[in-house]
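In terms of numbering that gives the first Met the number 0, the sequence shown has 17 at position 18, counting the first letter as 1, and numbering is strictly consecutive.
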Amino acid sequence: MIVCFDIGGTTIKGAIAYSPEDIRPVPRQPTPGDDFEAFVDVLRSVISEAEDAPLCVSLSICGVIDPDTRRAIVANIPCIHGRLLQQDLETALGLPVLIANDADCFVIAEAGLGAGRGHRVVFGIILGTGVGGGLVIDGKLINSDGGFAGEWGHGPIAATEVGDPPVSIPRFQCGCGQKGCIDATCSARGLEKLHAHLTSESSTSEMIVDAWGKGEANASRTIGVYVELLAGPLALVINMTGATILPVGGGLSNVSALIAAIDKAVRQRILRKFQRPIIVPAQCRIEPGLIGAALLGLAAMS
Ligand SMILES: [Zn+2]
Numbered sequence: 000m001i002v003c004f005d006i007g008g009t010t011i012k013g014a015i016a017y018s019p020e021d022i023r024p025v026p027r028q029p030t031p032g033d034d035f036e037a038f039v040d041v042l043r044s045v046i047s048e049a050e051d052a053p054l055c056v057s058l059s060i061c062g063v064i065d066p067d068t069r070r071a072i073v074a075n076i077p078c079i080h081g082r083l084l085q086q087d088l089e090t091a092l093g094l095p096v097l098i099a100n101d102a103d104c105f106v107i108a109e110a111g112l113g114a115g116r117g118h119r120v121v122f123g124i125i126l127g128t129g130v131g132g133g134l135v136i137d138g139k140l141i142n143s144d145g146g147f148a149g150e151w152g153h154g155p156i157a158a159t160e161v162g163d164p165p166v167s168i169p170r171f172q173c174g175c176g177q178k179g180c181i182d183a184t185c186s187a188r189g190l191e192k193l194h195a196h197l198t199s200e201s202s203t204s205e206m207i208v209d210a211w212g213k214g215e216a217n218a219s220r221t222i223g224v225y226v227e228l229l230a231g232p233l234a235l236v237i238n239m240t241g242a243t244i245l246p247v248g249g250g251l252s253n254v255s256a257l258i259a260a261i262d263k264a265v266r267q268r269i270l271r272k273f274q275r276p277i278i279v280p281a282q283c284r285i286e287p288g289l290i291g292a293a294l295l296g297l298a299a300m301s
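So this is what it looks like as structure tokens:
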């Protein structure tokens, strides 16, 4: 038995996991943002609900562990940001601690219990507040030692001439410090910036996708450009990794027609010719971070 957590900026979700089929969530608690002792106390309170001492504690975090310094980069939780988190938690809890990025936990969940079951190479995609991803091959997370593997959303890679007829797309500034990232152009906020650039309309991503679904011309133009911007970099990801399934999570993955449009555009651009969808909605719709953290911890202890 292990105890797992999905550490978000506002809430900590915990669960006691006996097996992949038996993951028992406990009530969520607010994340103590500025107080590490209070943060540890939240974890302790969940661990104390388990009948025995767990074999390990496994965490999904909304950030990364720097693979060189081992320090956590979690900008929205100051009390763990910059900390040697694994070491500090192992000392505080007296248990082995495993930590993975939330996109990595998402792909672990999909590979183990979701749309990726039966596939050797699973690339999980997050399309929502940010654009991220993770890679599982033969059941193993490629990022198991922390780091940035699978982060296809960053780098100056967004095309600057797209659409039919072609239109010029600016290299939007990204939070990572670079310009022209897919994260800056194809996240939910990126889609809004793209729509404002193309149509001078100010709409939320939900309104744009909604209007596209109704066949509205401006929204259709924006989504056409959006899908094309995503499709090139995703085709590269598939040609490089050999992924045969790419489950999509995040807010924008709720619109199945949008996922189908991306799938169609990507399959036109890759070398292997699939006769089935490869970019598909994720199946672990509820608590993928928690499920992924559970599977990670259970696999490490088996
Ligand atoms: Zn970036």
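All C-beta atoms, glycine included, are put in the ideal place defined by N, C-alpha and C. As the structure is a prediction and not an experimental result, all values here were calculated from the model.
- The Cβ-Cβ distance between C55 and L97 falls below 9 angstroms.
- Collapsing the DSSP output to three states places F122 in a strand.
- In the DSSP assignment, T10 falls within the beta strand (DSSP E) that extends over 10-18.
- At least one heavy atom of ligand 1 lies closer than 8 angstroms to the C-beta of A183.
- The segment 260-273 makes no contact with the segment 101-108; the number of CB pairs closer than 8 angstroms stays below 3.
- Within the same chain, E200, S202, I207, T221 come within 7 angstroms of H194 by CB-CB distance, once the 5 residues on both sides are set aside.
- By the Cβ neighbour-count rule, T30 is buried, with 16 or more other Cβ atoms within 10 Å of its own.
- Boundaries of the alpha helix (DSSP H) around P287: 287-300.
- In this structure, G174 has its CB closer than 8 angstroms to one or more heavy atoms of ligand 1.
- Sequence-distant partners of F38 (beyond 5 residues in either direction) whose C-beta falls short of 6 angstroms from its own C-beta, in its chain, are P31, C78.
- Shortest gap from the CB of C180 to any heavy atom of ligand 1: under 8 angstroms.
- By the beta-carbon neighbour count (other beta carbons within 10 angstroms, threshold 16), D182 is buried.
- Excluding the 5 residues flanking it on each side, D209 has no same chain C-beta neighbour closer than 7 angstroms.
- Below 8 angstroms, too few C-beta pairs join the segment 137-149 and the segment 158-169 to call them touching: fewer than three.
- If you look at G223, you'll find it in the alpha helix (DSSP H) that goes 216-240.
- The segment 85-97 makes contact with the segment 39-58: 3 or more CB pairs, one atom from each, lie closer than 8 angstroms.
- With respect to the C-alpha of F4, the residue from P155, V73, L289 having the closest C-alpha is L289.
- Here A110 really is in contact with V121; their C-beta atoms are around 4 angstroms apart, less than 8 angstroms.
- A direct Cα-Cα distance of roughly 8 angstroms separates G81 from V73.
- With a contact defined as Cβ atoms closer than 8 angstroms, A187 and T240 miss out at about 25 angstroms.
- In the assembly as shown, T90 is an exposed residue. Its beta-carbon has fewer than 16 other beta-carbons within 10 Å.
- Straight-line measurement puts the Cα of F273 at about 27 angstroms from the Cα of H153.
- Shown here for G296: same chain residues with a beta carbon closer than 6 angstroms to its own, the five before and five after excluded, namely I1, C3, C55, S57, L97 in chain order.
- G132 has its Cβ no nearer than 8 angstroms to any heavy atom of ligand 1.
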